[in-house]
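Participant: Before anything else, here's the structure in question.
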Amino acid sequence: MKKASILMSLGPLFLLGLYVFPLWKIMLGAPQYPDPLGLNIHINGLKGVNEFDIQNIDGLNHYIGMHTLPKAEDMWEFGTFPTIIGIMVALGVLIGLLGYFNKVSYKWFLGWFFLMSIMGILGMYDFNEWLVDYGTDLDPNAIMKLTNPDGTPMTYKPPLLGHVKMLNFDVTSLPALGAWLMFVGMTLTLIAGFLGWKNLKKLKSPA
Amino acid sequence: MKIHNYLMMSIGAALMLVSCGQQNQSSNGALSSSAAEKVYVAPGEQDEFYAFLSGGYSGNLTVYGLPSGRMFKEIPVFSQFPTSGYGYSEETKPMLNTSHGFVPWDDAHHPDISQTNGELDGRWIFINGNNTPRIARINLSTFETEEIIEVPNSAGNHSSSFITENTEYVVAGTRFSVPIPQRDMPINEYKSNFKGSLSFISVDPEHGHLDLKFQLLMPGFNYDLSHPGRGKSHGWFFFTTYNTEEAHTLQEVNASQNDKDFIAAVNWKKIEEYVNNGGGTKMPTNYAHNVYDESTHMATTTMKKEVLTVDPLKVPGAVYFLPTPKSPHGCDVDPTGQYIIGNGKLSADLTVHSFDKMIAAIEGEKFDGEAYGIPILKFEDVLAGQVKSGGLGPLHTEFDGKGNAYTTFFISSEVVKWQLGTWEVIDRKPTYYSVGHLMIPGGNSRKPFGKYVVAMNKITKDRYLPTGPEMEHSAQIYDISGEKMELIYDFPTHGEPHYAAGCPAELLAPKSKKIYRLDENKHPYAVTSPTGSKVVREGNEVHVYMSTIRSHFTPDNIEGIKVGDKVYFHITNHEQDFDVPHGFAMIGQNSSELLIMPGQTKTSVWEPKQVGVWPFYCTDFCSALHQEMQGYVRVSPANSNVELKWSLGE
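Dropping the structure here:
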């Protein structure tokens, strides 16, 4: 149980990477953008991969009537996410410590993992909702109003994960370093839960 | 008809046989690659070297790639350039100020890239204006002219603009000798009254700013070309002279009488020490110093009123003459600094002087008389060797860093490769036609990149499709990586290149600027956010603070302008994206367009003469909505009281 508890305390610390590294990255490349434009999504706001990318993405998107990219203060998520992550890290480390002193069982470890997973899924859902809104809520006076072959207005939702060809742009959306660190951290807590469970089985089994 | 066809075919077959035979003779075997492969830079790929070719009478500097011969840019230097508005915009007009007023043109000759420890460092490139003597400095991260300094007491600024091996000085020598200071006197009293000035312009190591440190007043010869000593001869500068006869008319004949002219060896370190200790005479003069500031996007002119002159006789041991046959043109120093080559343009041979022998002769005081008090060294004492080339009319030599030299021969129209030390000719290849100068990247530094040589010719004739009597000049690229030179490409150049400088692409490409930062724009009339746009009237001057971004001007409707107003359009490009310039042109404007780079501010003046509603538009195809990027100015009669207003999207 000691080993499991140490892992449990360690895992959530990986989430601290989210305060430094982006969670998600969307890259936009086109023939005339051999150096693609890029958007780093941090838990506390959006940043260009290169200094002027946000301005240049907004500049291009105004032709098709998309909103400008939100500033940190424009979305509640950017205020809330850092707090939630902070609480989850503290909680995780605390559970690990309590486990170390045998105050809580491995079930708490798994509990933290599932809570974090649910929050992650909710976060992804929320992110996708924003992508839908961003890509479909278009200015009716847009300069270029394009239609799909079936006559419906063309929309520009970037993919949540993977690659989509959008007009002249190749849009690729992938988890970034912050997310990968989070996955590693969460996996450690899952392993901690598993070790705790195995340890318990060993204790219970007649020696 | 049939017979005719057979005849043609058999002639064709014969020609093929002949040409195959020749090819086998000249190639180094079946594996040697073809010329086409050597110069082919595939779409999307980039060249190995930058080449900066002077534009001669275009007044500008052109940028090419090697080995492809593709032209990338024309950098406006001494000539107005309506393409970008250089010399037309309010910001850049001061660049062309001189003591003679605004001079919108010059004859740009000899570019030279800045060096550190005798190796190219790629910070700046310098070039001389020959006609109204000037030296320009071009920034090699923006590829824009940043500074032009006029050279007083000079006329025909030809033995310029060559730099010392740590870019301590850019050196500018006069071609014409003239009365110094200028005065009203009979031309036929030239002899012993006229003087030739050699100017040493210091270069600030951090910002590159130029300062005319001192001017050496030499005998009234013509100073043709020059090059710095390097390595062991660092601290010396060498100038070829002609017209040591001091003829003032029909120089064609009268300046070609002496069997030998001189190479003037100048110990500039000694003179520097002399002036640093208070030596020299201050002479009143008048010359312009024009500096462009990248943060204000604006040039200013300062008129300087004094120059420090040095009489060579006052600095013992500072100047010697090396007798050199036949009106030498190029004066070239090999990468080790040991050999000084005089390209005697009226002879078949090259004269090579030895730096070590020169020092020994000076120390031994083995003089062969003097000229105006300057000691003449004995020809035989300083001679290292002569290249018996078999060519005619040597003009200029560069080096490959592997012990070989390459000399152009104007009259026999060829490049000759020869070996330093043995003076033996290794190879010769024709040029098309009448080659002037040649260039090997780094070929006049301690570290040449001896892969290609570019020969710049004076005569084109039949090389390309004819374009009437006037044609661009031709240039040829030779592969010099092997024992024998191989002609691999032929391309037209712009203007008349008199010389060139080249460097490896990786020295410049990574630091080439993509945009100017808007948040560093210190132009007094810049608008850094669209809400800052406004129109301000001051008497009959109207200042329009305008911004541009794809695809509109802010403002794009202006009313309240009157006939007789002087309207300044100060336009700031708000783009911060690579390669998105915007243009500006106003109907009926007595000026050029502007081409404004991202983050930059430029100003154009319009003096409306007619009542009406007059359009302006973006001249650079900036975006899909470029054609919509336009606006109107309402011009009312001079006595009207139409309110001054401006708007966008109202």
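Those sequence lines, one after another, are chains A and B.
Residue 164 in the numbering used here sits at position 164 of the first sequence; the count goes up by one each step and never skips.
Quick note, the numbering used here runs 1000 ahead of the 1-based positions in the second sequence.
Idealized CB from N, CA, C, for every residue including glycine.
1) Keeping to the same chain, check which residues put their C-beta closer than 8 Å to that of residue 1073 of chain B; ignore five residues upstream and five downstream.
2) State yes or no: is the C-beta of residue 966 of chain B within less than 8 Å of the C-beta of residue 1390 of chain B?
3) Please name the residue, chosen from B:1461, B:1576, B:1404 and B:1572, that lies closest to residue 1546 of chain B on a Cα-to-Cα basis.
4) Compute the Euclidean distance between the alpha carbons of residue 92 of chain A and residue 11 of chain A, then round it to the nearest angstrom.
5) Ignore the nearest five residues each way along the sequence and tell me which others in residue 1511 of chain B's own chain have a CB closer than 6 Å to its CB.
6) Could you give the C-beta distance for residue 1392 of chain B and residue 1404 of chain B, rounded to a whole number, given that I count them as a contact under 8 Å?
7) Is there a Cβ of chain A sitting closer than 8 Å to that of residue 1029 of chain B, yes or no?
8) Where residue 1047 of chain B and residue 1489 of chain B are concerned, what is the direct C-alpha to C-alpha distance, given to the nearest angstrom?
9) What residue range is occupied by the uninterrupted beta strand (DSSP E) comprising residue 1157 of chain B?
10) In terms of residue numbering, what span does the alpha helix (DSSP H) encompassing residue 1264 of chain B cover?
11) For the region 136-165 of chain A, enumerate the residues whose C-beta is nearer than 8 Å to any C-beta of chain B, in chain order.
12) Assign residue 167 of chain A to buried or exposed, taking buried as 16 or more other Cβ atoms, counted over all protein chains shown, within 10 Å of its Cβ.
13) Could one say the Cβ of residue 56 of chain A lies closer than 8 Å to chain B's Cβ atoms, at least one of them?
14) Please go through the same chain and pick out, in chain order, the residues whose beta-carbon is closer than 8 Å to the beta-carbon of residue 1013 of chain B, but skip the five residues on each side of it.
15) If we count the other Cβ atoms within 10 Å of its Cβ and call it buried at 16 or more, is residue 162 of chain A buried or exposed?
16) Classify residue 1007 of chain B as helix, strand or coil using the three-state DSSP reduction.
17) In angstroms with no decimal places, state the Cα-to-Cα distance between residue 1114 of chain B and residue 1338 of chain B.
18) Note down, in chain order, every chain A residue with its Cβ under 9 Å from the Cβ of residue 1550 of chain B.
19) Which of helix, strand or coil does DSSP assign to residue 1624 of chain B?
20) Would you report the Cα separation of residue 1639 of chain B and residue 1612 of chain B, rounded to the nearest angstrom?
21) I'd like the span of the alpha helix (DSSP H) that includes residue 1391 of chain B, first residue to last.
22) Within this structure, are the beta carbons of residue 1160 of chain B and residue 1128 of chain B separated by less than 8 Å?
23) Check the Cβ-Cβ distances between residue 1624 of chain B and every residue of chain A, and say whether any is below 8 Å.
24) Who are the near neighbours of residue 1365 of chain B in its chain, counting only those whose CB is closer than 7 Å to its CB and skipping five residues on each side?
25) Cα separation between residue 1209 of chain B and residue 132 of chain A?
26) Assuming residue 198 of chain A is part of the alpha helix (DSSP H), what are its boundary residues?
27) Alpha carbon to alpha carbon, how far is residue 77 of chain A from residue 9 of chain A? Give it in angstroms, no decimals.
28) Strictly below 7 Å CB to CB, what residues from chain B border residue 52 of chain A?
29) Would you report the Cα separation of residue 1020 of chain B and residue 1333 of chain B, rounded to the nearest angstrom?
30) For residue 978 of chain B, which of B:1126, B:1136 and B:1075 has the nearest alpha-carbon?
31) If distances are taken between C-alpha atoms only, which option among B:1286, B:1190, B:1232 and B:1234 comes closest to residue 1251 of chain B?
32) In angstroms with no decimal places, state the Cα-to-Cα distance between residue 1195 of chain B and residue 1153 of chain B.
33) Nearest-angstrom Cα distance between residue 202 of chain A and residue 6 of chain A?
34) For a minimum of 3 consecutive residues, which ranges assigned as the beta strand (DSSP E) are wholly contained in the region 1539-1619 of chain B?
35) For residue 1388 of chain B and residue 1400 of chain B, what's the separation of their Cα atoms in angstroms?
Facilitator: Quick answer:
1) 1062, 1063 and 1143
2) Any answer about residue 966 of chain B is impossible in this case: the structure gives chain B only from 1001 up to 1650.
3) B:1572
4) 8 Å
5) 1141
6) Not a contact, Cβ separation roughly 21 Å.
7) The predicted model places residue 1029 of chain B with a pLDDT of 46, which falls under 50 and marks its position as unreliable, so this point remains unresolved.
8) 14 Å
9) Here residue 1157 of chain B belongs to no beta strand (DSSP E), and DSSP marks it neither H nor E.
10) Per DSSP, residue 1264 of chain B belongs to no alpha helix (DSSP H); it is in the beta strand (DSSP E), 1260-1267.
11) 143 and 144
12) exposed
13) yes
14) In this predicted model, residue 1013 of chain B has a pLDDT of only 44, less than 50, meaning its place in the structure is not dependable enough to derive any value.
15) exposed
16) Annotation note: pLDDT 47 at residue 1007 of chain B (below 50); position unreliable, coordinate value reported separately. Correct three-state label for residue 1007 of chain B: helix.
17) 21 Å
18) 59, 60, 62 and 63
19) coil
20) 14 Å
21) Residue 1391 of chain B -> no alpha helix (DSSP H), and no H or E assigned at all.
22) yes
23) yes
24) none
25) 55 Å
26) 177-204
27) 26 Å
28) 1576 and 1577
29) With a pLDDT of 43 at residue 1020 of chain B, under the threshold of 50, the modelled position of that residue is not reliable, and the figure given next carries that caveat. Going from the Cα of residue 1020 of chain B to the Cα of residue 1333 of chain B covers about 41 Å.
30) Outside the displayed span of chain B (1001 to 1650) sits residue 978 of chain B, for which this structure offers no information.
31) B:1190
32) 9 Å
33) 19 Å
34) 1541-1549, 1552-1554, 1557-1562, 1566-1573, 1582-1586, 1594-1596, 1601-1606 and 1612-1617
35) 20 Å
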